[in-house]
Amino acid sequence: MDKRSLYDGLSSLETDLQGTLGQLSEIKEALHELVEKNTTLEIENQRLREHLQELTKLASDSSDPAKQELSKSRMNLEKLYEEGFHVCNILYGSRRENDEECAFCLDVIYGERYK
Numbered sequence: 003m004d005k006r007s008l009y010d011g012l013s014s015l016e017t018d019l020q021g022t023l024g025q026l027s028e029i030k031e032a033l034h035e036l037v038e039k040n041t042t043l044e045i046e047n048q049r050l051r052e053h054l055q056e057l058t059k060l061a062s063d064s065s066d067p068a069k070q071e072l073s074k075s076r077m078n079l080e081k082l083y084e085e086g087f088h089v090c091n092i093l094y095g096s097r098r099e100n101d102e103e104c105a106f107c108l109d110v111i112y113g114e115r116y117k
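One rule links them: number in the working numbering = place in the sequence shown (from 1) + 2.
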């Protein structure tokens, strides 16, 4: 090989390597952005899981204790009410029309002043 073709070959190789190095830098930068985004999403996902667990715990705590905290007599009144009868002192023993709710009955069963 003569010196001129050797120099031209090296120049061509240098240009190709610089192009490859540029592509490698772009890929490295894109990978860095993806890792950052992935980390952010993992943190957000963990926070959402913790929040979901809190909500689930609150929902289960608020729904179950209402019936568990009722005394035996209130549970009997609740059973009568669910069968379609009034348990309030105004209409006690009469049938509820179309099983509509009665605020007085609900207050007797679940009211705060009776606890």
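Just so you know, even glycine gets a beta-carbon here, dropped at the ideal spot from N, CA and C.
Source: prediction; values computed, not measured.
Is the beta carbon of G86 closer than 8 Å to that of R98? Indexing the sequence shown from 1 puts residue 98 at position 96. Indexing the sequence shown from 1 puts residue 86 at position 84. Their beta carbons are under 8 Å apart, which means R98 touches G86 by this criterion.
- prompt: DSSP on Q20, reduced to helix/strand/coil?
  reply: Translated into positions along the sequence shown, residue 20 becomes position 18. Helix at Q20.
Could you compute how far the alpha carbon of T58 sits from the alpha carbon of Q20?
For the purposes of this step, residue 58 is taken as the residue at position 56 of the sequence shown. For the purposes of this step, residue 20 is taken as the residue at position 18 of the sequence shown. Rounded to whole angstroms, the gap between the alpha carbons of T58 and Q20 is 56 Å.
Can you give me the start and stop residues for the alpha helix (DSSP H) that F87 sits inside? On the sequence shown, residue 87 is found 85 positions in, with the first residue counted as 1. Taken as a continuous stretch (DSSP letters only), F87 belongs to no alpha helix (DSSP H), as it is neither H nor E.
> From S7 to L26, what distance separates their C-alpha atoms?
Replying inline: Residue numbering aside, residue 7 sits at position 5 when the sequence shown is read from its first letter. Residue numbering aside, residue 26 sits at position 24 when the sequence shown is read from its first letter. Rounded to the nearest whole angstrom, the C-alpha separation of S7 and L26 is 28 Å.
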